[in-house]
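Remarks on the structure that follows.
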Amino acid sequence: MTGIPDSSSAVSPANGNALRSSLPWIVAVVVLLVLPQVFQANSAITILNQMMITIIFALSYNMLLGQGGMLSFGHAVYMGVGGFFCMHVMNLVEANELPIWLHVLPIFGGLFSLGLATIVGSFSTRKAGTVFAMISLGIGELVAACSLIIIVFFGGEEGISGDRTYFKPFFGVKFLQQNEVYYLIAFWTIVSALLMYLFSRTPVGRMANAVRDNPERAEFLGYSARWVRYFSFCGAGFFAGIAGALVAINFEILTETDLNLGKSGMILLITFLGGTGFFFGPIIGAIVFTLLQSVLSLQTELWQLYVGALFVATVMFFPGGLAGLLMMHQPAMRLGNLGLLVVPYVNTLIPAAIGALGLAGLMEMLFHVRHAAVGDIEMRLFWITFDSHTILPWVIAIATMITGFWLAYRNAPKLRE
Amino acid sequence: MDLVAINLIDGLFYGLLLFMLSAGLTLIFSMMGILNFAHASFYMLGAYFAYQISLYLGFWAGLLIAPPLVGVLGALIERYGLRRVHQFGHVPELVFTFGLAWLIEEVVKFIWGNNMMAYQEPEILKFALFHIGSNSIQAYKVFMIFTSMAIFIGLLFILTRTRIGLIIQAALSYPKTVEALGHNVPLIFMGVFGVGTALAGVAGVLAGPSLGTFPGMAVVLGSIVFVTIVIGGLGSLWGALIASLLIGWMTTAAASSSFQFATLLEFFGMTPPADLDESYLRDLWTLSLPQIGPILPYIFMILILVLRPYGLFGKRDA
Numbered sequence: 085m086t087g088i089p090d091s092s093s094a095v096s097p098a099n100g101n102a103l104r105s106s107l108p109w110i111v112a113v114v115v116l117l118v119l120p121q122v123f124q125a126n127s128a129i130t131i132l133n134q135m136m137i138t139i140i141f142a143l144s145y146n147m148l149l150g151q152g153g154m155l156s157f158g159h160a161v162y163m164g165v166g167g168f169f170c171m172h173v174m175n176l177v178e179a180n181e182l183p184i185w186l187h188v189l190p191i192f193g194g195l196f197s198l199g200l201a202t203i204v205g206s207f208s209t210r211k212a213g214t215v216f217a218m219i220s221l222g223i224g225e226l227v228a229a230c231s232l233i234i235i236v237f238f239g240g241e242e243g244i245s246g247d248r249t250y251f252k253p254f255f256g257v258k259f260l261q262q263n264e265v266y267y268l269i270a271f272w273t274i275v276s277a278l279l280m281y282l283f284s285r286t287p288v289g290r291m292a293n294a295v296r297d298n299p300e301r302a303e304f305l306g307y308s309a310r311w312v313r314y315f316s317f318c319g320a321g322f323f324a325g326i327a328g329a330l331v332a333i334n335f336e337i338l339t340e341t342d343l344n345l346g347k348s349g350m351i352l353l354i355t356f357l358g359g360t361g362f363f364f365g366p367i368i369g370a371i372v373f374t375l376l377q378s379v380l381s382l383q384t385e386l387w388q389l390y391v392g393a394l395f396v397a398t399v400m401f402f403p404g405g406l407a408g409l410l411m412m413h414q415p416a417m418r419l420g421n422l423g424l425l426v427v428p429y430v431n432t433l434i435p436a437a438i439g440a441l442g443l444a445g446l447m448e449m450l451f452h453v454r455h456a457a458v459g460d461i462e463m464r465l466f467w468i469t470f471d472s473h474t475i476l477p478w479v480i481a482i483a484t485m486i487t488g489f490w491l492a493y494r495n496a497p498k499l500r501e
Numbered sequence: 240m241d242l243v244a245i246n247l248i249d250g251l252f253y254g255l256l257l258f259m260l261s262a263g264l265t266l267i268f269s270m271m272g273i274l275n276f277a278h279a280s281f282y283m284l285g286a287y288f289a290y291q292i293s294l295y296l297g298f299w300a301g302l303l304i305a306p307p308l309v310g311v312l313g314a315l316i317e318r319y320g321l322r323r324v325h326q327f328g329h330v331p332e333l334v335f336t337f338g339l340a341w342l343i344e345e346v347v348k349f350i351w352g353n354n355m356m357a358y359q360e361p362e363i364l365k366f367a368l369f370h371i372g373s374n375s376i377q378a379y380k381v382f383m384i385f386t387s388m389a390i391f392i393g394l395l396f397i398l399t400r401t402r403i404g405l406i407i408q409a410a411l412s413y414p415k416t417v418e419a420l421g422h423n424v425p426l427i428f429m430g431v432f433g434v435g436t437a438l439a440g441v442a443g444v445l446a447g448p449s450l451g452t453f454p455g456m457a458v459v460l461g462s463i464v465f466v467t468i469v470i471g472g473l474g475s476l477w478g479a480l481i482a483s484l485l486i487g488w489m490t491t492a493a494a495s496s497s498f499q500f501a502t503l504l505e506f507f508g509m510t511p512p513a514d515l516d517e518s519y520l521r522d523l524w525t526l527s528l529p530q531i532g533p534i535l536p537y538i539f540m541i542l543i544l545v546l547r548p549y550g551l552f553g554k555r556d557a
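Same order as they appear, the protein sequences are chains A and B. Using my numbering, the first residue of the first sequence is number 85, and each one after it goes up by one. Using my numbering, the first residue of the second sequence is number 240, and each one after it goes up by one.
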């Protein structure tokens, strides 16, 4: 699938090709440099840091799922273990005043996770599919349980914390501020994303796609499907370790929740939401999810319910994820008639959004009525304070929901055309 | 001796509970090749539905009504969700059930809140049936053990002795041929999914009072059920039974033992380090069997997958 557009672009002149393929990266660098100037608030920087870490983590997960066809339920193990190791390095640096820059720390994390991945991968990548998924689940549970038992390394329930400021100052930067950390994380995000992209272009990366689609045929061509999977697995482990190291740097604490099954499931969700078929899919997924998580969770207690519903809807209706949805428009864009789509989109999506808001309002009120403290009948929703036990807001919410969805439903056939 | 007997009964109780979940899961897997990650969520729904019904009609009505409700819900999800996702391939199917598990948990939290429900066993079964040493065995536990045994025998009978069971078995191995013979295979799939989830619902109804009805109950059993069917061999009913009992006895025995690893280390002639708090091996010296009890099944599963990927009783590769 992905091979077809590449072979056509390889025919075009080499320098034009190089410019075209490096353009997104230049844009990404510029955007990452400009972002902290636009959003200067500390909370915004925190969200951005988290977003970039999630991007690395999701990209490394997609090396398994999207490119290698291996469904893992324990990928957070490699992130967590790398992070824990970095925490120990950080504490060692603090104790012995070692002259190391903080920038180097992610390499330690990556290498440690790579080590774990080479051990686990040696038996788990023998088969793809269910066997691999189940082994990853088992390892995930095992390490999560061990993290509460092996206190020397994982610190038990309270985890391990450290202090990043004891590293050798990098040209005077001591990483006391969030935005100093931002540039470090941004640097590593670009570097690891670029490396992962280049990995997907190497023969091994290409063969990973082949093994994903048809392992038997790849074996007949003389490639060992097992070794190809093994390389992808180790690579994914390495980059997950880098993400873990950045977690250690950013939050200065790691606990069991950084490597348990919930985290592994979350990254699966993020990657699938963004779309596994394209390299930039997980990036979109990570951005959207982090925004939902940080913005929505401030507004409502039900945000996980909404995210879950969004996720199930994505799997059911857009198996290509958000990236797949975007790329569906590529043919239209090439033909230059993207403008034709605007009117049907506006006609369908705006009522659908209104309907969704009505539904959300209804859910919030239901939730409030059921679970708020007794006597607390006032609630705030969409910047309006009202009494959730009177009939009027319910009527409004139901009416908005029905009209919105009805209009969307009526206009949807036009969108398909 | 008393302790052994108690452990055997407790292990049987836990193992048969696992079996009711894993029987449905393994049936669904052998039919459709789907590992249903939301299976334990149906178990949770069974407990919550039964609780809600028992508020109005009592425990027994809950036991009778809740499982079919869960089964119908499962069949609907198969018909309108899974069958739609099926065309996209295998991984989206797995991911769909995974998302479903998330969604069901959130919906349960939305409707019933985060707290444990006051779901109780019926008054008539609230007495100690007999005593072993100083420990009493609750009548409810015995009732549960017998119910799940009856379900296993019934299931085995239906699958091997009735016409429907034969068609199901045929559809397991040769769905195309069975379809060509005029049977409605998608309907059979939907039915099996419904029955499998209803079985999980029964398990939930029965386990709710004794293990607690709370939003995390699906997660507690969720992955251990997978371990069970992988160890037993995917698609094998007998394997699921043996593996469930094995895990049940293994975990209860580990949880109640007082074995310390230090004794093992001393047996091999090692001496504890003088300064235990500073030593890097301190966790090894303070380790006890109850601590690692919960992870024994996972170690067992990984060993099985590495050494014998088709499980104890499985006929084909996982």
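The C-beta atom is built at its ideal place from N, Cα and C for all residues, glycine as well.
Problem set entry | Alpha carbon of A/Ser-316 to alpha carbon of A/Thr-202, nearest angstrom | 11 angstroms
Problem set entry | Per DSSP, the bridge partner or partners of A/Val-288 | Looking at the DSSP assignment, A/Val-288 forms no beta bridge with any residue, so it has no partner.
Exercise. For B/His-563, which beta-bridge partners are listed by DSSP?
Worked result: Any property of residue 563 of chain B remains undetermined from this structure, which presents chain B solely from 240 to 557.
For this session: Could you tell me which residues DSSP pairs with B/Met-356 in its beta bridges?
Result: B/Thr-452
For this session: May I ask you to list the residues that DSSP assigns as paired with B/Gln-499?
Result: B/Ser-527
Exercise. With distances taken from CA atoms, which of B/Gly-532, B/Phe-500, B/Val-469, B/Ala-501 is nearest B/Pro-548?
Worked result: B/Val-469
Exercise. Is A/Ala-260 buried or exposed, if buried means 16 or more other CB atoms sit within 10 Å of its CB?
Worked result: Ala is not the amino acid found at residue 260 of chain A; the sequence shown has Leu there. Under this definition A/Leu-260 is an exposed residue.
Exercise. At a CB-CB cut-off below 7 angstroms, which residues of chain A make contact with B/Tyr-537?
Worked result: Gly-222, Glu-225, Leu-226
Exercise. Going along chain B in order, which residues have a C-beta closer than 8 angstroms to the C-beta of A/Met-400?
Worked result: Gly-320, Arg-323, Val-324, Phe-335
Exercise. Would you say A/Leu-231 and A/Ile-219 are within 9 angstroms of each other, going by their C-beta atoms?
Worked result: The sequence shown places Ser at residue 231 of chain A, not Leu. Result no, Cβ atoms of A/Ser-231 and A/Ile-219 do not sit closer than 9 angstroms.
Problem set entry | Cut-off 7 angstroms between Cβ atoms - residues of its own chain near A/Leu-357, not counting five sequence neighbours on either side | Gly-369, Val-372, Phe-373, Phe-395, Thr-398, Gly-405, Leu-406
Problem set entry | Through-space distance from B/Glu-362 to B/Gly-297, alpha-carbon basis | 10 angstroms
Problem set entry | Presumed contact (8 angstroms Cβ cut-off) between B/Ala-279 and B/Gly-508, rounded CB distance | Contact flag wrong, Cβ pair sits at about 45 angstroms.
Exercise. Is it right to say A/Tyr-146 is buried, meaning 16 or more other beta carbons lie within 10 angstroms of its own, or is it exposed?
Worked result: Per the sequence shown, the amino acid found at residue 146 of chain A is Asn instead of Tyr. When all chains shown are included, A/Asn-146 counts as buried.
Problem set entry | the stretch 342–356 of chain A: positions lying closer than 9 angstroms to chain B by Cβ | Leu-345, Gly-346, Gly-349, Leu-352, Leu-353, Phe-356
For this session: Identify every run of the alpha helix (DSSP H) within the stretch 422–471 of chain B, keeping only runs that are complete inside it and at least 4 residues long; order them along the chain.
Result: 424–450, 456–471
Problem set entry | C-beta contact flag for B/Gly-447 and B/Tyr-358 at 9 angstroms | yes
Exercise. Does the beta-carbon of B/Glu-344 have 16 or more other beta-carbons within 10 angstroms, so that it is buried, or is it exposed?
Worked result: buried
Exercise. For A/Ile-351 versus A/Ala-142, is the C-beta distance shorter than 9 angstroms?
Worked result: yes
Exercise. Can the beta-carbon of B/Gly-550 be found less than 9 angstroms from the beta-carbon of B/Ile-543?
Worked result: yes
Problem set entry | Alpha-carbon spacing of B/Gln-377 relative to A/Gly-164, whole angstroms | 43 angstroms
Exercise. At a Cβ threshold of 9 angstroms, is A/Cys-170 touching chain E?
Worked result: Among the protein chains in the structure shown, which are A and B, there is no chain E.
Exercise. What does A/Gln-388 touch in chain B if you count any residue whose Cβ is under 9 angstroms from its own?
Worked result: Trp-341, Glu-344, Glu-345, Lys-348
Problem set entry | Same chain, Cβ closer than 7 angstroms to B/Val-464, five either side skipped, listed in chain order | Leu-257, Leu-260, Ser-261, Leu-264, His-278, Ala-279
Exercise. Hey, how far is the Cα of B/Ile-350 from the Cα of A/Leu-443?
Worked result: 15 angstroms
Problem set entry | Uninterrupted alpha helix (DSSP H) stretches inside the stretch 120–147 of chain A (no shorter than 4 residues) | 126–146
Exercise. Beta-carbon of A/Gly-213 versus every beta-carbon of chain B: anything under 9 angstroms?
Worked result: yes
Problem set entry | Pairwise C-alpha distance: B/Trp-299 and B/Ile-292 | 9 angstroms
Exercise. Exposed or buried, which one is A/Leu-282 when buried takes at least 16 other CB atoms within 10 Å?
Worked result: exposed
For this session: Compute the beta-carbon to beta-carbon distance between B/Thr-490 and B/Tyr-253, rounded to the nearest angstrom, for a pair I have assumed lies under 8 angstroms.
Result: 7 angstroms
Exercise. With DSSP run on the structure shown, which of helix, strand or coil describes B/Ile-543?
Worked result: helix
Problem set entry | Where B/Ser-293 sits in the DSSP three-state scheme | helix
Problem set entry | Pick from A/Leu-330, A/Thr-249, A/Trp-311 that is closest to A/Phe-271, judged by C-alpha positions | A/Leu-330
For this session: Could you name the residues of chain A that B/Leu-530 contacts, counting a contact when the two beta carbons are closer than 7 angstroms?
Result: With the sequence shown as reference, residue 530 of chain B is identified as Gln, and Leu is not the correct amino acid for it. Going along chain A in sequence order, the residues near B/Gln-530 (Cβ under 7 angstroms) are Ile-233.
For this session: Establish whether the CB of A/Ala-217 and some CB of chain B are separated by less than 9 angstroms.
Result: yes
Exercise. Anyone know if the C-beta pair for B/Leu-480 and B/Gly-471 falls short of 9 angstroms?
Worked result: yes
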